[in-house]
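**Q**
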Amino acid sequence: MNRILLVDLGERELKERQALRARRQVLETIQNTADTSGGLSVRQLEELAGIVEKLRSDVVADPFYRKVAATYAQKPWDELADAEDSEFVHKYGLIGTQRVPSNFLDALQASEREIVGICGLLQLEGTTDDSRRGFVQKVSAAQGEYRECRALFDAAFELLSKKYVVTLRSQIQSRLIDEDIFGCIEPGGDPQDRQPVKEMQPNAADKVCVLSGRNLAAVVRKLAADGVSANDPWLTSRIENTYEMQSGVVGGASPSSFDIPLPDLEEATDGEIVRENLDAAQAIYFSYQLEEARMPQVVERIVELFRAGLLPLSYGKTGDYLYGYYKKASERITEGERRDLYMRAFGAPGGDPSINQPNREFNDLWWRFVSSVSSFGRQLTVDRMFRSQIPLSVSQEQVRKAARDLAASLSRNCYGIAYQFSKELKTLIIEYRDLLSDQEIRTSFGARDMWQVMDQVNANYLGGTRNSHRYRTQAKCGAIVIAWLSRNHQRLTNRLGEVISTNALTNPQLRGSDRPMEDPTDWDLLQACEQLIAVGGIGDQRVEDFSQPVESPTITSKPIEMPQMARDALDSAGISLPSF
Numbered sequence: 006m007n008r009i010l011l012v013d014l015g016e017r018e019l020k021e022r023q024a025l026r027a028r029r030q031v032l033e034t035i036q037n038t039a040d041t042s043g044g045l046s047v048r049q050l051e052e053l054a055g056i057v058e059k060l061r062s063d064v065v066a067d068p069f070y071r072k073v074a075a076t077y078a079q080k081p082w083d084e085l086a087d088a089e090d091s092e093f094v095h096k097y098g099l100i101g102t103q104r105v106p107s108n109f110l111d112a113l114q115a116s117e118r119e120i121v122g123i124c125g126l127l128q129l130e131g132t133t134d135d136s137r138r139g140f141v142q143k144v145s146a147a148q149g150e151y152r153e154c155r156a157l158f159d160a161a162f163e164l165l166s167k168k169y170v171v172t173l174r175s176q177i178q179s180r181l182i183d184e185d186i187f188g189c190i191e192p193g194g195d196p197q198d199r200q201p202v203k204e205m206q207p208n209a210a211d212k213v214c215v216l217s218g219r220n221l222a223a224v225v226r227k228l229a230a231d232g233v234s235a236n237d238p239w240l241t242s243r244i245e246n247t248y249e250m251q252s253g254v255v256g257g258a259s260p261s262s263f264d265i266p267l268p269d270l271e272e273a274t275d276g277e278i279v280r281e282n283l284d285a286a287q288a289i290y291f292s293y294q295l296e297e298a299r300m301p302q303v304v305e306r307i308v309e310l311f312r313a314g315l316l317p318l319s320y321g322k323t324g325d326y327l328y329g330y331y332k333k334a335s336e337r338i339t340e341g342e343r344r345d346l347y348m349r350a351f352g353a354p355g356g357d358p359s360i361n362q363p364n365r366e367f368n369d370l371w372w373r374f375v376s377s378v379s380s381f382g383r384q385l386t387v388d389r390m391f392r393s394q395i396p397l398s399v400s401q402e403q404v405r406k407a408a409r410d411l412a413a414s415l416s417r418n419c420y421g422i423a424y425q426f427s428k429e430l431k432t433l434i435i436e437y438r439d440l441l442s443d444q445e446i447r448t449s450f451g452a453r454d455m456w457q458v459m460d461q462v463n464a465n466y467l468g469g470t471r472n473s474h475r476y477r478t479q480a481k482c483g484a485i486v487i488a489w490l491s492r493n494h495q496r497l498t499n500r501l502g503e504v505i506s507t508n509a510l511t512n513p514q515l516r517g518s519d520r521p522m523e524d525p526t527d528w529d530l531l532q533a534c535e536q537l538i539a540v541g542g543i544g545d546q547r548v549e550d551f552s553q554p555v556e557s558p559t560i561t562s563k564p565i566e567m568p569q570m571a572r573d574a575l576d577s578a579g580i581s582l583p584s585f
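The numbering of the sequence shown is the working numbering, which starts it at 6 and goes up by one.
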């Protein structure tokens with residue numbers, strides 16, 4: 006009998022604890038360098054104490070799960086956490102009954118199944134920010150959906166909770182579970198104090214049954230949408246097949262198996278800057294740079310060569326993917342649709358101006374923000390300040406203004422279908438990367454990596470090579486810049502405090518993030534801007550010109566439809582405008 010490990014909750018806990026450890030290191034560094042940094046404020050001291058307290062306990066630190074459990078139990082979280090044996094508390098993915106030292110139950114209890122199902126449904130919808138308005142309502146809605154499909158959920162739990170048996174060590178090595186799970190049942194206590202203990206429960210050699218509440222919820226929702234009931238005679242096989250497709254166990258898994266949160270465009274935290282729109286802009290910009298490097302066109306040409314029998318591929322996954330890509334051509338976003346999206350988001354040429362309003366101010370706002378950040382970073386170093394040809398200093402407020410203008414422009418031009426398209430673009434980019442990196446494809450073109458494959462196809466079939474280094478640098482650095490705008494949009498509306506931390510730019514111990522395109526620091530932003538200036542060939546004089554403030558363009562909080570009377574007047578004058 007093996008314990009049931011909820012890997013989706015365990016992975017969320019791992020990421021939360023990693024973030025807490027990183028933040029603790031930052032605060033401790035500031036505290037240890039008080040003579041130069043000024044030390045910690047009262048608020049920061051309280052924050053550090055709270056982080057230390059969370060990390061010295063095995064009780065779940067993930068705020069998403071805490072809020073869901075408190076809402077479900079109708080009790081404050083502190084009251085639930087005090088009873089560590091409660092079915093509402095999990096430790097690294099081991100919930101209630103699965104943490105009993107011995108004779109633990111081989112199945113989740115009804116309340117445990119329900120809370121896991123609710124968490125799975127919320128994750129499936131991308132509703133994981135417990136601080137957002139209406140979160141409790143969405144928990145209640147997910148609970149209603151669970152209870153409506155309770156019989157299907159029970160059948161899915163019964164079948165899948167014991168199906169996939171792995172060692173606990175493998176989940177640690179896959180970076181799905183925090184290694185502090187070792188010994189969280191016995192001896193328990195502070196994770197740091199039990200490191201020397203040899204007899205621990207659970208330990209690395211223990212086997213567990215892994216289960217993802219998110220994928221299980223996706224299975225039940227799919228079966229319910231297809232009209233399958235709990236009395237279906239083929240229910241077992243339907244559950245197994247659907248679970249494997251949703252979790253990506255088999256080839257051809259749906260794009261929804263990728264963890265790409267869905268948008269909620271109605272809940273804006275700022276009148277002009279909608280974070281979900283900036284998230285969409287990040288994926289669209291990344292795709293646009295790869296489009297300029299002709300990555301989609303390269304893949305299309307490879308498919309044409311495959312169809313013509315000119316690629317020496319063996320029977321296997323590569324050929325299957327190319328065949329499926331060819332057969333599903335009508336279901337994908339077309340090049341024309343992508344070009345229309347790039348025109349609307351960034352004013353890029355190639356789209357249809359009769360149905361799209363180009364973002365004409367993007368290029369100017371983009372380089373003003375990049376130059377402002379670069380100039381601000383340069384002036385913090387005395388040596389650079391003396392040697393630089395940029396005579397005027399750039400203040401925090403100039404950077405804030407440039408950032409806000411750019412973020413508002415991107416937000417306004419990425420409304421509507423842009424988020425759905427960005428989700429599909431992310432999926433396609435992952436598929437393109439895997440295809441072009443495939444050993445058979447690289448061997449067919451005599452290439453060492455995917456970029457050499459692209460160079461070969463561009464040179465031989467698409468009219469000439471492209472500067473792939475420039476475009477992939479712009480793709481990565483541009484994604485970091487937009488991610489920073491998205492993660493720090495609250496700073497742009499705050500009149501007090503720093504928009505860019507000078508301490509983060511000058512203290513080497515605070516530099517860099519492990520995931521700069523997902524959670525960039527101020528140092529990551531500065532480095533991205535410097536690289537964009539370098540690969541773009543922007544000289545110091547142009548950086549100086551761009552970094553100087555100008556009057557902000559008129560940017561509304563959302564697209565405004567022109568009155569029909571005005572349209573008729575312009576049409577009669579022979580002036581054509583895009584329609585919305």
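Positions of the beta carbon are idealized from the N, C-alpha and C atoms, including for glycine.
1. For Gln191, which residues does DSSP report across the bridge?
2. Using the Cα positions of Ile487 and Glu58, report the straight-line distance between them to the nearest angstrom.
3. Measure the alpha-carbon distance for Ser292 versus Ala161 and round it to whole angstroms.
4. Name, in chain order, the residues that DSSP records as bridge partners for Thr172.
5. On a Cα-Cα basis, can you pick out the residue from Asp134, Asn37, Gln23, Ala413 that is closest to Tyr70?
6. For the alpha helix (DSSP H) holding Ile446, just list the boundary residues, first then last.
7. Since Leu440 and Val304 are thought to touch, with beta carbons under 8 Å apart, how far apart are those beta carbons, to the nearest angstrom?
8. My understanding is that Glu445 touches Leu318, with C-beta atoms under 8 Å, so please give their C-beta distance in whole angstroms.
9. Run through DSSP, which three-state label would Gly257 get?
10. Nearest CA to the CA of Asn364: which residue from Pro358, Leu370, Gly352?
11. Which runs of the alpha helix (DSSP H) spanning at least 4 residues fall entirely within the region 408 to 493, listed in chain order?
12. Please determine, among Ile338, Arg344, Thr448, the residue with the shortest C-alpha to C-alpha distance to Lys428.
13. Can you give the Cα-Cα distance for Glu191 and Asp13, rounded to whole angstroms?
14. Comparing alpha-carbon positions, which option in Asn282, Ser506, Ser376 lies nearest Asn418?
15. On the criterion of 16 or more Cβ atoms from any shown chain inside 10 Å, does Ala2 qualify as buried, or is it exposed?
16. Distance check for Ala66 and Arg405, CA to CA, integer angstroms please.
17. Taking only the alpha-carbon atoms, compute the straight-line gap between Ser518 and Ile182 and give it to the nearest angstrom.
18. Can you give me the Cβ contacts of Met300 inside the same chain, cut-off strictly under 7 Å, excluding the 5 residues immediately before and after it?
19. Would you identify the three-state DSSP class for Leu45, choosing helix, strand or coil?
20. Taking a contact to mean a Cβ-Cβ separation below 8 Å, would you say Tyr248 touches Cys214 in this structure?
21. Would you mind giving the Cβ-Cβ distance between Ala285 and Ala423, rounded to the nearest angstrom? I have them listed as a contact below 8 Å.
22. According to DSSP, what are the bridge partners of Arg8?
23. What is the residue span of the alpha helix (DSSP H) that Thr133 lies within?
24. May I ask which residues mark the beginning and end of the alpha helix (DSSP H) holding Asn612?
25. With distances taken between CB atoms, is the gap from Ile377 to Gln403 smaller than 8 Å?
26. What separation, rounded to the nearest whole angstrom, lies between the Cα atoms of Gly469 and Ala298?
27. Please list, in chain order, all residues of the same chain as Asp345 whose beta carbon is under 8 Å from its beta carbon, the five residues on each side excluded.
28. Excluding five sequence neighbours on each side, which residues of the same chain lie with their C-beta closer than 7 Å to the C-beta of Tyr331?
29. For Lys332, report the span of its alpha helix (DSSP H) as first-last.
30. Taking the alpha-carbon positions, what's the Trp489 to Asn368 distance?
31. Among the candidates Ser136, Ala413, Pro525, Ile123, whose CA atom is the shortest distance from the CA of Arg155?
32. Comparing C-alpha positions only, which one of Asp185, Val279, Leu295, Trp372 sits nearest to Arg492?
33. Name the two residues that bound the continuous alpha helix (DSSP H) containing Met348.
34. Excluding sequence positions up to five away, which residues of its chain have a Cβ less than 7 Å from the Cβ of Lys72?
35. Please confirm whether Leu588 and Arg29 have their CB atoms less than 8 Å apart.
36. Mapping the DSSP letters down to three states, classify Ile100 as helix, strand or coil.
**A** Concretely, from the data shown:
1. The sequence given here has Glu at residue 191, not Gln. Answer is Gln206, bridged to Glu191.
2. 34 Å
3. Using only the alpha carbons, I get a separation of about 38 Å.
4. DSSP links Thr172 through a beta bridge to Lys212.
5. Asp134
6. 444 to 449
7. Val304 and Leu440 do touch by the CB rule: their CB atoms are close to 6 Å apart, below 8 Å.
8. 5 Å
9. Low confidence applies here, because Gly257 scores a pLDDT of 42, under 50, leaving its location unreliable; read the following figure in that light. Residue state, collapsed to three classes: coil.
10. For Asn364, the nearest C-alpha among the options comes from Gly352.
11. 423 to 441, 444 to 449, 455 to 466, 473 to 492
12. Ile338
13. 23 Å
14. Asn282
15. Residue 2 lies beyond the residue range present for the chain, which begins at 6 and ends at 585; the question has no answer from this structure.
16. 33 Å
17. 20 Å
18. Closer than 7 Å at Cβ, skipping near neighbours: Tyr437, Met459.
19. coil
20. Result no, Cβ atoms of Tyr248 and Cys214 do not sit closer than 8 Å.
21. 5 Å
22. Val213
23. In the DSSP annotation of this structure, Thr133 is not part of any alpha helix (DSSP H), being labelled neither H nor E.
24. Past the edges of the chain, shown from 6 to 585, lies residue 612, and the structure says nothing about it.
25. Note that residue 377 is Ser in the sequence shown here, rather than Ile. Yes.
26. Annotation: Gly469 to Ala298 spans about 11 Å, alpha carbon to alpha carbon.
27. Gly356, Asp357, Ile360, Asn361
28. Val308, Arg312
29. First-last of the alpha helix (DSSP H) with Lys332: 322 to 332.
30. 18 Å
31. Per the Cα distances, Ile123.
32. Closest option to Arg492, Cα to Cα, is Val279.
33. 340 to 351
34. Asp135, Phe140
35. Residue numbering for the chain in the displayed model covers 6 to 585; residue 588 lies beyond these limits and cannot be assessed.
36. strand
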